[in-house]
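Engineer:
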Amino acid sequence: MRILHTSDWHLGQHFMGKTRQTEHQALIDWLLAQVTEHQIDAVLIAGDIFDTGAPPSYARELYSSLIVRLHDLDAHLVILAGNHDSVATLAESKTLLARLGTSVVPGVADHLDDQVLVLRQRDGTPGALVCAIPYIRPREVLQSQAGQSADEKQQNLQDAIHQLYRQTYDQAVQTRAALGKALPIVATGHLAVIGASASESVREIYVGSLKAYPADAFPPADYIALGHIHRPQDCGQPHIRYCGSPIPLSFDEAGQAKQMLLVDLDETGLRQITPLAIPCFQPLASVRGNLADLPGVIAKAAVAGSTETPVWLEVVITADDYLSDLQARVEEICAGLPVEVLRLRRERSQNAASLQTSAKETLDELSPDDVFSQRISTETLEEPLQQQLRTRYQQVLAELTGPDA
Numbered sequence: 001m002r003i004l005h006t007s008d009w010h011l012g013q014h015f016m017g018k019t020r021q022t023e024h025q026a027l028i029d030w031l032l033a034q035v036t037e038h039q040i041d042a043v044l045i046a047g048d049i050f051d052t053g054a055p056p057s058y059a060r061e062l063y064s065s066l067i068v069r070l071h072d073l074d075a076h077l078v079i080l081a082g083n084h085d086s087v088a089t090l091a092e093s094k095t096l097l098a099r100l101g102t103s104v105v106p107g108v109a110d111h112l113d114d115q116v117l118v119l120r121q122r123d124g125t126p127g128a129l130v131c132a133i134p135y136i137r138p139r140e141v142l143q144s145q146a147g148q149s150a151d152e153k154q155q156n157l158q159d160a161i162h163q164l165y166r167q168t169y170d171q172a173v174q175t176r177a178a179l180g181k182a183l184p185i186v187a188t189g190h191l192a193v194i195g196a197s198a199s200e201s202v203r204e205i206y207v208g209s210l211k212a213y214p215a216d217a218f219p220p221a222d223y224i225a226l227g228h229i230h231r232p233q234d235c236g237q238p239h240i241r242y243c244g245s246p247i248p249l250s251f252d253e254a255g256q257a258k259q260m261l262l263v264d265l266d267e268t269g270l271r272q273i274t275p276l277a278i279p280c281f282q283p284l285a286s287v288r289g290n291l292a293d294l295p296g297v298i299a300k301a302a303v304a305g306s307t308e309t310p311v312w313l314e315v316v317i318t319a320d321d322y323l324s325d326l327q328a329r330v331e332e333i334c335a336g337l338p339v340e341v342l343r344l345r346r347e348r349s350q351n352a353a354s355l356q357t358s359a360k361e362t363l364d365e366l367s368p369d370d371v372f373s374q375r376i377s378t379e380t381l382e383e384p385l386q387q388q389l390r391t392r393y394q395q396v397l398a399e400l401t402g403p404d405a
């Protein structure tokens, strides 16, 4: 049995004013080529197929295209909901898509036998069993109890998730016995596992109060296919894997080598895991430095771009100096280069330290004038400009409060 493990597609993502439609279309074309080349029996998407619960129409079209084209290649597709996905959106076409060889798991099922899927090989014979666990919403597995501490809530939720995995695994074992065939068992999950390293595009939504799930609490499945973390990695055990997102979804993912995992299993269990490197369809780069450094680092980043596909760029200025024409200066540096600046920000370590010190005071201890003055003091400004800002502040305050204030 050969499975392609992927996750966190985020179809419909709006990235700083840019659509990812062209990238996702190229990704689907690439995936279909891999299914043909490697004779893949099933594709498993472990959550976050969409970026939002109400995806735009073009994202739905990409979704439908993927399903139909995989059906034409006789590959079984399994789609599990992630925390970005809407249960209702995925559930509405579940029955219809089953006719096209696609199994959609929008939420925790009411019956355990609906949580266990039989994956068939290209010849139609059973090749593996899947404990299909999507993103778990606390209300699906646990009833809230009054008077519990935060630690008690977290422990109860962890126990409930552990029980769900154990019961689903036991159901898979029973199904295997009923089929009378030695089949490997795969489990899935869309959650953070203790020790996993995330990126800034991973929305900090955990399973209720559970921040991370212990890797050793999973059942003894032959392979555990995880989603939610965008950085490819294992969890201290080679068979428990995050495949990562197939395209970079934030600038701190720009340097990551994106991949999908080709998983080979047979009646003895897991045989091999082979990463398949995904091409870069849209170059991203994050550069940092002072104004003297920027021409060199931006020119270096621009090498990955072209007139048709410029590099999407984040520029981080590492100087504390306030420059009112910073945007214009960066645009001048980028002129003629195949780059497009999507985000420009300043990194001010000294100011951050000042703000942290100020944070020791509460707002109750400060007047509005104090807050404004402290904020101004964190900037490196000429005295005339500081005075202009203070004057303008007083004018605005007077307009808001009125003459009787």
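To convert, note that position 153 of the sequence shown is 153 in the UniProt record's numbering; the numbers rise steadily by one, no gaps.
Where is the CB? At the ideal position from N, CA and C, for every residue including glycine.
Model, not experiment: these values are computed from the prediction.
(1) Of all the options Ile278, Ala217, Asp51 and Asp222, which has the alpha carbon lying nearest to the alpha carbon of Cys243?
(2) Take Met16 as the anchor and find which of Ser103, Tyr58, Ser250 and Lys94 has the nearest alpha-carbon.
(3) When you compare only the Cα positions, how much space is there between Thr89 and Cys131?
(4) How many Å lie between Pro246 and Pro310 at the Cα?
(5) Give the straight-line distance between the Cα atoms of Thr268 and Gln34, rounded to the nearest whole angstrom.
(6) For Glu23 and Phe281, I'd like the C-alpha separation in whole angstroms.
(7) Considering only their Cβ atoms, is the gap separating His71 from Leu44 smaller than 8 Å?
(8) Which residue comes first and which comes last in the beta strand (DSSP E) that contains Val263?
(9) So, for Asp159: in the same chain, excluding its five sequence neighbours on each side, which residues have a beta-carbon less than 6 Å away from its beta-carbon?
(10) State the Cα-Cα distance for the pair Gln395 and Gln387, rounded to the nearest angstrom.
(11) In whole angstroms, what separates the C-alpha of Ala359 from that of Gln171?
(12) Verify whether the separation of the beta carbon atoms of Leu62 and Ile40 is less than 8 Å.
(13) Skipping 5 residues on each side, what residues in its chain have a beta carbon closer than 8 Å to that of Leu142?
(14) Short of 8 Å in beta carbon distance, which residues of its chain neighbour Asp113, apart from the five on each side in sequence? Order them along the chain.
(15) Exposed or buried, what is Gly124 when buried is set at 16 or more other beta-carbons lying within 10 Å of its beta-carbon?
(16) Please say whether Ala42 and Leu97 have beta carbons closer to each other than 8 Å?
(17) Beta-carbon separation of Ile81 and Gly47 under 8 Å?
(18) Quick check: the Cα distance between Asp74 and His38, rounded to an integer number of angstroms?
(19) Looking only at C-alpha atoms, which of Asn83, Arg241, Glu314 and Glu332 sits nearest to Arg343?
(20) Please indicate yes or no: does the CB of Arg120 lie closer than 7 Å to some heavy atom of the ligand HEM?
(21) List the whole-angstrom C-beta distance separating His5 from Met260, where the pair is believed to meet the contact cut-off of C-beta under 8 Å.
(22) Please classify Gly12 as buried or exposed, where buried requires at least 16 other C-beta atoms within 10 Å of its C-beta.
(23) Going by DSSP, name the residue or residues bridged to Tyr223.
(24) So what does DSSP say about Phe251, is it helix, strand or coil?
(25) Is it right to say Gly255 is buried, meaning 16 or more other beta carbons lie within 10 angstroms of its own, or is it exposed?
(26) So what does DSSP say about Cys280, is it helix, strand or coil?
(27) DSSP on Ile63, reduced to helix/strand/coil?
(28) Drop a sphere of 10 angstroms on the beta-carbon of Gln145, count the other beta-carbons inside from all chains shown, and report buried for 16 or more, exposed for fewer.
(29) In whole angstroms, give me the CA-to-CA distance for Asp252 and Ser286.
(30) Just to check my reading of the structure: Leu294 and Trp312 have Cβ atoms closer than 8 Å, yes? What is that Cβ distance to the nearest angstrom?
(31) Are Ile317 and Leu326 close, meaning C-beta to C-beta below 8 Å?
(32) Span of the beta strand (DSSP E) holding Glu92?
(33) When the distance is taken between beta carbons, is Pro184 closer than 8 Å to residue 407?
(34) Quick one: what does DSSP say Thr168 is sitting in, helix, strand or coil?
(35) Alpha carbon to alpha carbon, what distance is there between Ala301 and Ser354?
Structural biologist: So, from the listed chains and residues:
(1) Mapped onto the sequence shown, residue 243 falls at position 243. Checked all of Ile278, Ala217, Asp51 and Asp222; the closest Cα to Cys243 is Ile278.
(2) Against the sequence shown, residue 16 aligns to sequence position 16. The shortest C-alpha separation from Met16 is found at Ser250.
(3) Translated into the one-based positions of the sequence shown, residue 89 becomes position 89. Translated into the one-based positions of the sequence shown, residue 131 becomes position 131. Looking at the two C-alpha atoms, the distance is approximately 22 Å.
(4) Sequence index remark: in the sequence shown, residue 246 carries index 246 (1-based). Sequence index remark: in the sequence shown, residue 310 carries index 310 (1-based). Cα atoms of Pro246 and Pro310: separation of roughly 20 Å, rounded to the nearest angstrom.
(5) The residue labelled residue 268 in the question sits at position 268 within the sequence shown. The residue labelled residue 34 in the question sits at position 34 within the sequence shown. Roughly 25 Å separates the two Cα atoms.
(6) Reading the sequence shown from its first residue, position 23 is the one you call residue 23. Reading the sequence shown from its first residue, position 281 is the one you call residue 281. Cα to Cα, Glu23 sits roughly 6 Å from Phe281.
(7) Numbered from 1 along the sequence shown, position 44 holds the residue referred to as residue 44. Numbered from 1 along the sequence shown, position 71 holds the residue referred to as residue 71. No, the pair does not count as a contact, with Cβ atoms beyond the cut-off.
(8) Within the sequence shown, residue 263 is the residue found at index 263, counting from 1. It spans Gln259 to Asp266 - the beta strand (DSSP E) in which Val263 sits, taken as one unbroken run.
(9) The residue given as residue 159 occupies position 159 in the sequence shown. Excluding residues within five positions, none has a Cβ falling inside 6 Å.
(10) For this step, residue 395 is matched to residue 395 along the sequence shown. For this step, residue 387 is matched to residue 387 along the sequence shown. Using only the alpha carbons, I get a separation of about 12 Å.
(11) If you number the sequence shown from 1, residue 359 lands on position 359. If you number the sequence shown from 1, residue 171 lands on position 171. Low confidence applies to Ala359: its pLDDT is 48, below 50, so where it sits in the model is not reliable, and the reading given next is rough at best. The alpha-carbon atoms of Ala359 and Gln171 are separated by roughly 53 Å.
(12) For the purposes of this step, residue 62 is identified with residue 62 of the sequence shown, where counting begins at 1. For the purposes of this step, residue 40 is identified with residue 40 of the sequence shown, where counting begins at 1. No, they are not a contact pair.
(13) The residue given as residue 142 occupies position 142 in the sequence shown. Excluding positions up to five away in sequence, the list reads Asn156, Leu157, Ala160 and Gly208.
(14) Indexing the sequence shown from 1 puts residue 113 at position 113. For Asp113, the CB contacts under 8 Å within the same chain, skipping 5 residues up- and downstream, are Gln171 and Thr175 in chain order.
(15) Mapped onto the sequence shown, residue 124 falls at position 124. Exposed.
(16) Within the sequence shown, numbered from 1, the residue matching residue 97 stands at position 97. Within the sequence shown, numbered from 1, the residue matching residue 42 stands at position 42. No. Outside cutoff.
(17) Position 81 of the sequence shown, counted from the start, is the residue given in the question as residue 81. Position 47 of the sequence shown, counted from the start, is the residue given in the question as residue 47. Per the sequence presented here, residue 81 reads as Ala, with Ile not at that position. Yes, Cβ-Cβ distance for Ala81 and Gly47 is below 8 Å.
(18) Counting from one through the sequence shown, the residue named residue 74 turns up at place 74. Counting from one through the sequence shown, the residue named residue 38 turns up at place 38. So the two alpha carbons sit approximately 13 Å from each other.
(19) For this step, residue 343 is matched to residue 343 along the sequence shown. Of the candidates Asn83, Arg241, Glu314 and Glu332, the one whose C-alpha sits nearest the C-alpha of Arg343 is Glu314.
(20) Among the ligands in the structure shown, none appear at all, so the ligand HEM cannot be discussed.
(21) Start at 1 with the first residue of the sequence shown, and residue 5 comes out as number 5. Start at 1 with the first residue of the sequence shown, and residue 260 comes out as number 260. About 6 Å; that satisfies the 8 Å criterion.
(22) As a working mapping, residue 12 is identified with position 12 in the sequence shown. With 16 or more Cβ atoms within 10 Å of its Cβ, Gly12 is classed as buried.
(23) Looking up residue 223 in the sequence shown gives position 223. In the DSSP assignment, the residues bridged to Tyr223 are Val186.
(24) Translated into the one-based positions of the sequence shown, residue 251 becomes position 251. Note: Phe251 maps to helix in three-state DSSP.
(25) Taking the first residue of the sequence shown as 1, we reach residue 255 at position 255. Exposed.
(26) To locate residue 280, count along the sequence shown from 1; it is residue 280. It is coil, neither helix nor strand.
(27) On the sequence shown, residue 63 is found 63 positions in, with the first residue counted as 1. The residue asked about is misnamed: residue 63 is Tyr in this sequence, not Ile. Helix at Tyr63.
(28) Here the question's residue 145 lines up with position 145 in the sequence shown. Exposed, because fewer than 16 other Cβ atoms sit within 10 Å of the Cβ of Gln145.
(29) Along the sequence shown, read from residue 1 onward, the residue named residue 252 stands at position 252. Along the sequence shown, read from residue 1 onward, the residue named residue 286 stands at position 286. Asp252 and Ser286: Cα-Cα distance of roughly 7 Å.
(30) Residue numbering aside, residue 294 sits at position 294 when the sequence shown is read from its first letter. Residue numbering aside, residue 312 sits at position 312 when the sequence shown is read from its first letter. That belief does not hold up - the Cβ atoms of Leu294 and Trp312 are roughly 16 Å apart, past 8 Å.
(31) By 1-based counting over the sequence shown, the position of residue 317 is 317. By 1-based counting over the sequence shown, the position of residue 326 is 326. Result yes, Cβ atoms of Ile317 and Leu326 sit closer than 8 Å.
(32) Translated into the one-based positions of the sequence shown, residue 92 becomes position 92. Note, Glu92: premise wrong, no beta strand (DSSP E); not H, not E.
(33) Nothing in the structure corresponds to residue 407, since the chain is present only between 1 and 405.
(34) The count along the sequence shown starts at 1 and reaches residue 168 at position 168. Thr168: helix per DSSP, three-state reduction.
(35) Here residue 354 refers to the residue found at position 354 when the sequence shown is read from its first residue. Here residue 301 refers to the residue found at position 301 when the sequence shown is read from its first residue. Unreliable placement is indicated for Ser354, whose pLDDT of 48 sits below 50; no coordinate value is reported for it.
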